[in-house]
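Residue numbers (my numbering): 2 to 182.
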């Protein structure tokens, strides 16, 4: 059912989003990564990817297509020169294995994310610790979705759920990049 609904997501998203901005809001556009209409090139001031890079990396690393590469290329293409690209992503410690930090567990290493985004043509500008949570110290078998608000696979009212609630949400990198002028 989910995949059937995805077939029309562009039309349904645009219709749903039209009501978010009112009569004087921005125009709403949507497209599949790798299929950006040429008319959108160089039109955006900001592109923001909140907690999505792990899925794109996971799909690409599994050999399902160039999802991450296409998403970053489209983000670059749609931005005006000097435009800002922002990333918030569940952060794996640099000491974690590459196998753990490939997106399947929801986590990516900051150095790897910066490398991929710079490879797409962006310049790294800055980072913030606003979304960091040092209490999130996953093991190599943990998934990010064990934490709130999802609690995937954790029984409500259990001792484990209480421990995870005390940790809080995931440790996240917050990165700012810019398309060169």
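Heads up, the beta-carbon is just placed ideally off N, CA and C, and yes, glycines get one too.
Residue from 120, 97 and 178 with nearest C-alpha to residue 138: Per the Cα distances, 97.
Assigned exposure category for residue 14 - 16 Cβ within 10 Å defines buried: By the neighbour-count rule (16 or more Cβ atoms within 10 Å), residue 14 is not buried but exposed.
Residue from 140, 50 and 168 with nearest C-alpha to residue 152: For residue 152, the closest C-alpha among the options 140, 50 and 168 is that of 168.
Proximity to residue 35 [Cα-Cα], best of 91, 74 and 5: Out of 91, 74 and 5, the CA that lies nearest to the CA of residue 35 is found in 74.
Those runs of the alpha helix (DSSP H) which lie wholly inside the region 73-159 and span at least 4 residues: With a minimum length of 4 residues, the unbroken runs of alpha helix (DSSP H) contained wholly in the region 73-159 fall at 111-120.
Cβ contact (3+ pairs, closer than 8 angstroms) linking the region 56-63 and the region 75-83: The region 56-63 vs the region 75-83: no contact.
The region 126-138 / the region 158-175 touching (three or more Cβ pairs under 8 angstroms): When C-beta atoms of the region 126-138 are compared with those of the region 158-175, three or more pairs fall below 8 angstroms, so the two segments count as touching.
Those residues which DSSP pairs with residue 18 across a bridge: The secondary-structure analysis by DSSP pairs residue 18 with nothing; it has no beta-bridge partner.
Buried/exposed call for residue 49, threshold 16 Cβ in 10 Å: Exposed, because fewer than 16 other Cβ atoms sit within 10 Å of the Cβ of residue 49.
Limits of the unbroken alpha helix (DSSP H) element including residue 57: Where residue 57 is concerned, the enclosing alpha helix (DSSP H) stretches over 54-62.
Inter-residue spacing [alpha-carbon to alpha-carbon] between residue 40 and residue 79: Just so you know, the alpha carbons of residue 40 and residue 79 end up roughly 9 angstroms apart.
Inter-residue spacing [alpha-carbon to alpha-carbon] between residue 146 and residue 95: Taking the straight line joining both Cα atoms gives about 20 angstroms.
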